[in-house]
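According to my numbering, the residues represented by the sequence shown are 1 to 203, in order.
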Amino acid sequence: MLVTATKLIGTPILSMQAGGAITHIAEPIVDPDNLKIIAFRLNGGVVSRSDTNILDVSSIREYSKYGIVIDSVDELVAPDDVIKIANVLKLNFSLNGLKVKTKKGSKLGKVIDYTLNSDDFNIQQIIVSRPIAKRLLDPELTISRKEIVEVTDYEIIVKDEEKKLKEKAEKEEFVPNFVNPFRSQEPGFAPADTKIPADKDIE
């Protein structure tokens, strides 16, 4: 399903072994080469060591509106434990705040959020805050990853002009498909003592 990056912040990490939440997401770690979230930086909760504050997305068993399910606290790693993650962290890259313009140089605004596919954590769209002159009538612009031709430390370049981007965004429709392994609970974040069902109950 598609989810916005801002909604991931604070999402609990649920351990099958512990039977509940052990920490929560502080921020996603994005690889600028392929616009994919490769890991999450974590904050708070119970961890085995103070420096094990990274969750590689390959360790995720399930994602739902109640949290991200992993096997155990042993899945968490230190920033330097995985070479790929360590190299991306050194770039200090952040998608939010990047300027967005077309190949012809037209300024479209700045990235304020983005959507991702929770199945593979590929970024699908960027959400762009419009320049002040256009913000009253057109506050945001949603751009598909298919339109992106280049990502640098300072800006994102897209191939189509503003009018075409708007037309494409209006035609795109996404239908979320929640798979909830915690069906017995009311909506909201899972508390630390959340009981996690056995493997056969997670669909």
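Glycine included, C-beta positions come from ideal geometry on N, C-alpha and C.
Note that the structure is predicted; figures quoted are calculated from it, not measured.
Beta carbon of Ile156 nearer than 9 Å to that of Leu116: If you number the sequence shown from 1, residue 156 lands on position 156. If you number the sequence shown from 1, residue 116 lands on position 116. Result no, Cβ atoms of Ile156 and Leu116 do not sit closer than 9 Å.
State the Cα-Cα distance for the pair Asp33 and Asn122, rounded to the nearest angstrom. Numbered from 1 along the sequence shown, position 33 holds the residue referred to as residue 33. Numbered from 1 along the sequence shown, position 122 holds the residue referred to as residue 122. Cα to Cα, the separation comes out at about 12 Å.
Residues in the same chain with beta-carbon distance under 7 Å from Val175, minus the five sequence neighbours each way, listed in chain order, please. As a first step, residue 175 must be located in the sequence shown, where it is residue number 175. Residue confidence is low: Val175 scores 43 on pLDDT, short of 50, so the model does not pin down where it sits. Its coordinate-derived value is still stated next. Answer for Val175: no residue qualifies.
What are the start and end residues of the beta strand (DSSP E) that includes Thr102? Counting from 1 along the sequence shown, the entry for residue 102 is found at position 102. That run of the beta strand (DSSP E) goes Lys99 to Thr102.
Give the straight-line distance between the Cα atoms of Asp71 and Gln17, rounded to the nearest whole angstrom. Walking along the sequence shown from the start, residue 71 turns up at place 71. Walking along the sequence shown from the start, residue 17 turns up at place 17. Each residue's alpha carbon lies about 6 Å from the other.
Would you decide whether Val128 is buried or exposed? Buried here means 16 or more other CB atoms lie within 10 Å of its CB. Within the sequence shown, the letter at position 128 stands for residue 128. Burial call: buried.
Whether or not the region 80–88 and the region 53–62 are in contact is what I'm after, with contact meaning three or more pairs of Cβ atoms, one per stretch, closer than 8 Å; do they touch? yes
Between the CA atoms of Ile29 and Asp88 - distance to the nearest angstrom: Translated into the one-based positions of the sequence shown, residue 88 becomes position 88. Translated into the one-based positions of the sequence shown, residue 29 becomes position 29. According to the sequence as given, residue 88 is Val; it is not Asp. Cα-Cα distance, rounded: 8 Å.
What residues match up with Arg41 in a beta bridge as DSSP calls it? As a first step, residue 41 must be located in the sequence shown, where it is residue number 41. Per DSSP, Glu27 and Ile54.
Cα separation between Thr52 and Val77? One-based indexing of the sequence shown puts residue 52 at position 52. One-based indexing of the sequence shown puts residue 77 at position 77. Those two C-alpha atoms are separated by around 5 Å.
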